[in-house]
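J.: In our numbering, the protein residues as written are 190 to 534. Ideal Cβ positions, reconstructed from N, Cα and C, are used throughout, including at glycine. First the structure, then my questions, so here it is.
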Ligand code: MRU
């Protein structure tokens, strides 16, 4: 594939399969895999071949179509199809977009495959529009407060690879770059699966955006040394009170920003807001396998017998989120403009 990654579409419906980039192979190899069974969808989600909250939503919605096609091919009874859809919905627990998207298309199953497919494709199509709106709102907010080329710190991967296109936090970065208002992006490597070093760096490099990869442990120091104007990260689930669950390590950025007196933004579509979750205390945090922490590059580094603690996400309390950037505008969460107030019915 050539061209800037800003034009990249990491997932596409072929008519018979969901074609996705296998993100576990990046940046070394850009390879696509075709998902045609419910088990393959669940496996791709669990091993992070597909990942990022909005992309998980799109994959989950199309996954229901894939399960329906498989059921028709294999002559499954309804109970087996229901179990397959349940398995897709719960393949990862923290990013609410996955359950949100499955729940959105599932009621259409009684109306047939084409109705489910149309709803799933609408989720995919909407994602790009939503991301560009987030990028514009975020860049406007930042430029209204910072009158020089901006130095950003970000965590994990929130670019096209985490969506269908463009990006949320990285969409804001792309928008700032397009406006010639970006100086530098500090990219946390994002242990243990290195979504920053492998994926965000790959996206920024292809777009010609200046960046440095740093160890996660460098983040607080980079912020307190005055090298950063704003932190921007994504979200996997946002509670009604504005608490933000995101990749493990995001909380450290928020705490350092508070100490340094600089803004900390979380960027996410409204579909990542879960008004039925009152606060971050109620968000299930995915615990992943020991081997992700105890080995590096497939080579065991910890001594035999070592055990790991490997939460994939942390929760940043709302009071540390200066702004929540969505497609309907920026919510001043730490000033009390919570999702419940702004988005509640
Ligand atoms: O475990 P991952 O790679 O799926 O985690 C992804 C993140 O934490 C992202 O920051 C989040 O999903 C937001 S993507 C816009």
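Could you pull out every residue in the same chain whose Cβ sits closer than 7 angstroms to the Cβ of residue 237, ignoring the five residues on either side in sequence?
T.: Against the chain shown, residue 237 aligns to sequence position 48. The residues are 212, 213 and 382.
J.: Would you say the beta carbon of residue 241 is closer than 7 angstroms to some non-hydrogen atom of the ligand MRU?
T.: By one-based count along the chain shown, residue 241 stands at place 52. For the ligand MRU, at least one heavy atom lies less than 7 angstroms from the Cβ of residue 241.
J.: Mapping the DSSP letters down to three states, classify residue 460 as helix, strand or coil.
T.: Mapped onto the chain shown, residue 460 falls at position 271. Residue state, collapsed to three classes: helix.
J.: Taking just the CA atoms, how far does residue 440 sit from residue 406?
T.: Counting from one through the chain shown, the residue named residue 406 turns up at place 217. Counting from one through the chain shown, the residue named residue 440 turns up at place 251. Looking at the two C-alpha atoms, the distance is approximately 12 angstroms.
J.: Exposed or buried, residue 533, counting other C-beta atoms within 10 Å across all chains shown (16 or more means buried)?
T.: Taking the chain shown and counting its residues from 1, the one referred to as residue 533 is at position 344. Residue 533 comes out exposed.
J.: Residue 516 lies in the beta strand (DSSP E); which residues open and close that run?
T.: The count along the chain shown starts at 1 and reaches residue 516 at position 327. Taken as a continuous stretch (DSSP letters only), residue 516 belongs to no beta strand (DSSP E), as it is neither H nor E.
J.: If you follow the alpha helix (DSSP H) that residue 595 is in, where does it begin and where does it stop?
T.: As displayed, the chain neither begins before 190 nor continues past 534, which places residue 595 out of reach and without an answer.
J.: Under a three-way DSSP split, which group does residue 523 fall into?
T.: Within the chain shown, the letter at position 334 stands for residue 523. Residue state, collapsed to three classes: helix.
J.: Go through its chain and collect everything with a Cβ distance to residue 293's Cβ below 8 angstroms, but skip five positions before and after it.
T.: By one-based count along the chain shown, residue 293 stands at place 104. The residues are 250, 308 and 312.
J.: Residue 366: buried (16+ other C-beta within 10 angstroms of its C-beta) or exposed?
T.: Here residue 366 refers to the residue found at position 177 when the chain shown is read from its first residue. It is buried - the Cβ of residue 366 has at least 16 other Cβ atoms within 10 Å.
J.: Using only the alpha-carbon positions, how far apart do residue 520 and residue 393 sit?
T.: Counting from 1 along the chain shown, the entry for residue 520 is found at position 331. Counting from 1 along the chain shown, the entry for residue 393 is found at position 204. When rounded, the distance between both Cα atoms is 27 angstroms.
J.: Can you tell me where the alpha helix (DSSP H) holding residue 232 begins and where it ends?
T.: In the chain shown, counting from the first residue as 1, residue 232 sits at position 43. Note, residue 232: alpha helix (DSSP H), 227 to 235.
J.: Three Cβ pairs or more, each shorter than 8 angstroms: is that satisfied between the stretch 214 to 223 and the stretch 329 to 340?
T.: Not touching, per the Cβ criterion.
J.: Are residue 264 and residue 352 close, meaning C-beta to C-beta below 8 angstroms?
T.: Position 75 of the chain shown, counted from the first residue, corresponds to residue 264. Position 163 of the chain shown, counted from the first residue, corresponds to residue 352. The answer is no: Cβ separation not under 8 angstroms.
J.: Suppose only complete runs of 4+ residues qualify. What are the alpha helix (DSSP H) ranges in the stretch 267 to 346, listed by chain order?
T.: DSSP runs (the alpha helix (DSSP H)) wholly in the stretch 267 to 346: 267 to 278, 285 to 294 and 302 to 332.
J.: Just to check my reading of the structure: residue 210 and residue 359 have Cβ atoms closer than 8 angstroms, yes? What is that Cβ distance to the nearest angstrom?
T.: Sequence index remark: in the chain shown, residue 210 carries index 21 (1-based). Sequence index remark: in the chain shown, residue 359 carries index 170 (1-based). The pair is not a contact, with the Cβ atoms about 16 angstroms apart (cut-off 8 angstroms).
J.: Pull up the distance between the alpha-carbon of residue 479 and that of residue 489, whole angstroms please.
T.: The residue labelled residue 479 in the question sits at position 290 within the chain shown. The residue labelled residue 489 in the question sits at position 300 within the chain shown. One C-alpha to the other measures close to 11 angstroms.
J.: Can you tell me whether residue 216 is helix, strand or coil according to DSSP?
T.: Position 27 of the chain shown, counted from the start, is the residue given in the question as residue 216. If DSSP states are grouped into helix, strand and coil, residue 216 belongs with coil.
J.: Answer yes or no: the CB of residue 446 versus the heavy atoms of the ligand MRU, is any distance below 7 angstroms?
T.: The count along the chain shown starts at 1 and reaches residue 446 at position 257. False, no ligand heavy atom lies under 7 angstroms from that Cβ.
J.: Near residue 326, which residues of its chain fall below 7 angstroms by C-beta distance, leaving aside the five closest residues on each side in sequence?
T.: On the chain shown, residue 326 is found 137 positions in, with the first residue counted as 1. 514, 518 and 519, listed in sequence order.
J.: For residue 416, which of helix, strand or coil comes out of DSSP?
T.: Counting from 1 along the chain shown, the entry for residue 416 is found at position 227. Residue 416: coil per DSSP, three-state reduction.
J.: Around the C-beta of residue 476, are 16 or more other C-beta atoms found within 10 angstroms, so that it is buried, or is it exposed?
T.: Position 287 of the chain shown, counting from 1, holds the residue named residue 476. Under this definition residue 476 is an exposed residue.
J.: Considering only C-alpha positions, which residue in the set 503, 324, 285 and 525 is nearest to residue 437?
T.: Position 248 of the chain shown, counted from the start, is the residue given in the question as residue 437. With distances taken between Cα atoms, residue 437 lies closest to 503.
J.: Would you call residue 485 buried or exposed, if buried means 16 or more other Cβ atoms sit within 10 Å of its Cβ?
T.: Mapped onto the chain shown, residue 485 falls at position 296. Exposed is the call here.
J.: Output the distance between the C-alpha atoms of residue 452 and residue 317, rounded to the nearest integer angstrom.
T.: In the chain shown, residue 452 corresponds to position 263, counting from 1. In the chain shown, residue 317 corresponds to position 128, counting from 1. Their backbone Cα atoms lie some 26 angstroms apart in a straight line.
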